[in-house]
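Chemist: Numbering (the working numbering), first residue to last: 45 to 598. Quick reminder that beta carbons are idealized off the backbone N, C-alpha and C, glycines included. Keep in mind the model is a prediction, meaning the values are calculated, not measured.
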């Protein structure tokens, strides 16, 4: 089908959905769509993008091959790609190739020679292209040319041996990430003095550092301290700091002072020793806080989270948390993961999205329960979900193991009584097709059901995606076999008969019991192994029959 033909077909389908007719409502107006499309096709908009936008696009591509492929888009893209100033040196590529040579003296000599060649290549490249975005070097001393490169704006050093850091000149450095290395207080202070424009400082899996102090960095916006095993004290004098992420080694005591960080907007704490009083004292220092993440803070029991500007509270696996009283007039989203419902006082009517993941406390496989639907726990949960304002276009996705149900604008929520429930309240800006693509790509369910009203488009969209899909999809041509979309992995789809079906599945039985309240469509899905997708692509046209993972009895 021609390009213009496909466009016309898509427009007709859209018009059918909106008005049920392909005729324009106003008579006497003729539109030359063919010439219009030809004129639109003749304009190369992507080549008119500013250089910095094209650099941003290229920089966000994770695959180097995809980055190189941008050269064929146009001459301008080819010229810009050759001038791209983000350099990535990854020692893992050469180490992997030489791993089998370590046993012999010849192999050791070859490894040493290749490491020296790699180091020389990095050194020479940096001297030609001194602007550097990402740096991953071999486990050796970081070369002095790196710390003398005044035009470097972003630097990541991982698994290296740092020198004393006495003679530094990083006057334009804005982002610094140090990971898996040994540092001390003096080295950190030398780095801070050499980087007056630093905005983002991350220290990950560092050893040797006992005290972390920061001051005199007026542009500093973000600090991450992640699992620094010997750290005992943190003192931040950073009045413009907006993001602080702190992950503590399990059950290690420490002292932390954030009292001057009054501009903080995002705070993430993963600390097994944090107690109620200490948390409340920290929280009182951050009047501008918009996002709060508490993860695995196992000593927290009863806390109050009160902030006029708070938009996103997130509580994950705080095992002893009994109640979190969340008070904020500007809440937009909420996320919770745990065993119990520790947020009963929260009013979700203003929320635009939410994630609620309940983990069973027992080790056995969670099963549907036969008790009445109005047991206290389920009654509280149902009452909470009913308070969302679904009239604004919110969607509700309910998951349990590999079973997924999509509610579109539910007017009464009927819950399966199973204790591994996961709920996603999806914001209205996500359309149904994108939501369905996300579900199939991310979770690969074995049953997918839609619960909707009689006027809903949801059943038609689900049927179109699953039943009328291409059997041999032609999308993802340039993607690696393990990075293809869900269409390449979906093997078979069957419609479940909820009226006369013979399935004894408890999940299907629950859906049958909901039949009187909703219009329900239920599908059983089976998926292919990734290796079979790869083999099928190589052997396409040879009539090879692929194996599949069939959906087990649920």
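Please classify residue 225 as buried or exposed, where buried requires at least 16 other C-beta atoms within 10 Å of its C-beta.
Modeler: Buried, because 16 or more other Cβ atoms sit within 10 Å of the Cβ of residue 225.
Chemist: Alpha carbons only, please: which of 304, 251, 164 is nearest the one belonging to residue 203?
Modeler: For residue 203, the nearest C-alpha among the options comes from 251.
Chemist: Assuming residue 364 contacts residue 348 (C-beta within less than 8 Å), just tell me the rounded distance between them.
Modeler: The pair is not a contact, with the Cβ atoms about 16 Å apart (cut-off 8 Å).
Chemist: Does the Cβ of residue 341 have 16 or more other Cβ atoms within 10 Å, making it buried, or fewer, making it exposed?
Modeler: Looking at its Cβ environment, which holds 16 or more other Cβ atoms inside 10 Å, residue 341 is buried.
Chemist: Is residue 434 helix, strand or coil by DSSP?
Modeler: The answer is helix: DSSP assigns residue 434 an H, G or I state.
Chemist: What does residue 270 pair with, by DSSP beta-bridge criteria?
Modeler: Per DSSP, 248, 291.
Chemist: Below 8 Å, how does it come out for the stretch 232-242 and the stretch 255-267: are there three or more Cβ pairs, yes or no?
Modeler: Flag = yes, the stretch 232-242 and the stretch 255-267 touch.
Chemist: Give me the Cα-Cα distance between residue 384 and residue 401, rounded to the nearest whole angstrom.
Modeler: The alpha-carbon atoms of residue 384 and residue 401 are separated by roughly 10 Å.
Chemist: Would you kindly work out how many angstroms separate the C-alpha atoms of residue 218 and residue 119, rounded to a whole number?
Modeler: For residue 218 and residue 119, the distance between alpha carbons rounds to 32 Å.
Chemist: Count the other CB atoms within 10 Å of the CB of residue 499; is the residue buried (16 or more) or exposed (fewer)?
Modeler: So residue 499 ends up on the exposed side.
Chemist: Can you name, in chain order, every residue of its own chain whose Cβ lies under 6 Å from the Cβ of residue 291, other than the five neighbours on each side?
Modeler: Cβ neighbours of residue 291 beyond the five flanking positions: 270, 271, 314.
Chemist: Taking one C-beta from the stretch 499-519 and one from the stretch 471-485 each time, how about it: are there three or more such pairs within less than 8 Å?
Modeler: With a cut-off of 8 Å, the stretch 471-485 and the stretch 499-519 count as touching, because enough Cβ pairs lie within range.
Chemist: Might you give, ordered along the chain, the residues of its own chain that have their beta carbon closer than 8 Å to the beta carbon of residue 448, omitting 5 neighbours on each side?
Modeler: Contacts found: 441, 442, 483, 487, 489, 491, 492, 493.
Chemist: Sort out for me which residues DSSP pairs residue 347 with in a bridge.
Modeler: The partner list for residue 347 (beta bridge, DSSP) reads 368.
Chemist: Find out if the Cβ-Cβ distance for the pair residue 294, residue 334 is shorter than 7 Å.
Modeler: Not in contact: residue 294 and residue 334 (Cβ atoms no closer than 7 Å).
Chemist: Using 7 Å as the threshold, is the C-beta distance between residue 460 and residue 434 below it?
Modeler: No, the Cβ-Cβ distance between residue 460 and residue 434 is not below 7 Å.
Chemist: My output table needs one value for residue 357: the three-state DSSP class, helix, strand or coil.
Modeler: Strand, per DSSP.
Chemist: Is it buried or exposed for residue 201, if we count other Cβ within 10 angstroms and need 16 for buried?
Modeler: Burial call: buried.
Chemist: Taking Cβ positions, are residue 516 and residue 570 nearer each other than 7 Å?
Modeler: Cβ atoms of residue 516 and residue 570: not closer than 7 Å.
Chemist: Return the residue from the list 367, 240, 551 that minimises the CA-CA distance to residue 282.
Modeler: For the residues 367, 240, 551, the minimum Cα distance to residue 282 belongs to 240.
Chemist: Give the straight-line distance between the Cα atoms of residue 429 and residue 105, rounded to the nearest whole angstrom.
Modeler: Answer to the nearest angstrom: the Cα atoms are 38 Å apart.
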